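If you count the sequence shown from 1, position 92 lands on 92 in UniProt numbering, and the numbers rise without skipping.
Ideal Cβ positions, reconstructed from N, Cα and C, are used throughout, including at glycine.
Remember, it's a predicted structure, so these values are computed and weren't measured experimentally.
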Amino acid sequence: MAAEEGQVVSCHTLDAWNEQLQKGNDSKKLMVIDFTASWCGPCRFIAPFLAELAKKLPNVIFVKVDVDELKSVAQDWAVEAMPTFMFLKEGKIVGQSGGSKERRAAADYSKARCCCFCFCLITYDIICIICLFILRLYM
Numbered sequence: 001m002a003a004e005e006g007q008v009v010s011c012h013t014l015d016a017w018n019e020q021l022q023k024g025n026d027s028k029k030l031m032v033i034d035f036t037a038s039w040c041g042p043c044r045f046i047a048p049f050l051a052e053l054a055k056k057l058p059n060v061i062f063v064k065v066d067v068d069e070l071k072s073v074a075q076d077w078a079v080e081a082m083p084t085f086m087f088l089k090e091g092k093i094v095g096q097s098g099g100s101k102e103r104r105a106a107a108d109y110s111k112a113r114c115c116c117f118c119f120c121l122i123t124y125d126i127i128c129i130i131c132l133f134i135l136r137l138y139m
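Dropping the structure here:
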């Protein structure tokens, strides 16, 4: 499976996950890892916004991991809730989505200045956190 620029790559096997992780390390690009589950309503809601964000940011690698398909990966990365987003650079975690304090900060920011990547004025949620993190790296 080749990671295409501008797409969210779904990893369904441990080999696919390891391949994407290695590609991210080798490329030195920012990786956004979306830990998701098929039964997770917010995950399904966010998916189209994440796909649009991937198109707008081809220099960022977007990877999706279903925690039910790859339980060992979710455990290794200490994923406890979905959706969880982790931001990696050269194999190291440089940020991750989290609790209500982070969400409130994202909502406050998006009211003041929407980054226009993902319609965050509509969602005020995880997508804003992703945009905020990416903006911090590029601005």
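So, with DSSP's three-state summary, where would you put residue i?
i	result
Arg104	Summary for Arg104: the model assigns pLDDT 44, below 50, so the residue's position carries little reliability; its value from the coordinates is reported in the next sentence. Reduced to three states, the DSSP call for Arg104 is helix.
Gln20	helix
Val73	helix
Ser110	Low per-residue confidence applies at Ser110: pLDDT is 44, beneath 50, and the placement is therefore not dependable, though the value from the model is reported in the following sentence. Three-state result, Ser110: helix.
Ser10	strand
Can you give me the start and stop residues for the alpha helix (DSSP H) that residue i sits inside?
i	result
Lys55	41–56
Can the beta-carbon of residue i be found closer than 8 Å to that of residue j?
i	j	result
residue 215	Leu50	Outside the shown range of the chain (1 to 139) lies residue 215, about which nothing can therefore be said.
Lys23	Glu90	no
Leu30	Val65	no
Leu57	Cys11	no
Val8	Gln20	no
So residue i packs on residue j, CB below 8 Å; how close in whole Å?
i	j	result
Val67	Ala37	5 Å
Val73	Trp17	5 Å
Phe87	Ile93	7 Å
Ala54	Gly95	Actually they do not touch by this definition, with Cβ atoms about 17 Å apart.
Which two residues bound the contiguous beta strand (DSSP E) that contains residue i?
i	result
Lys89	84–89
Lys28	Taken as a continuous stretch (DSSP letters only), Lys28 belongs to no beta strand (DSSP E), as it is neither H nor E.
Asp66	61–66
Val94	92–96
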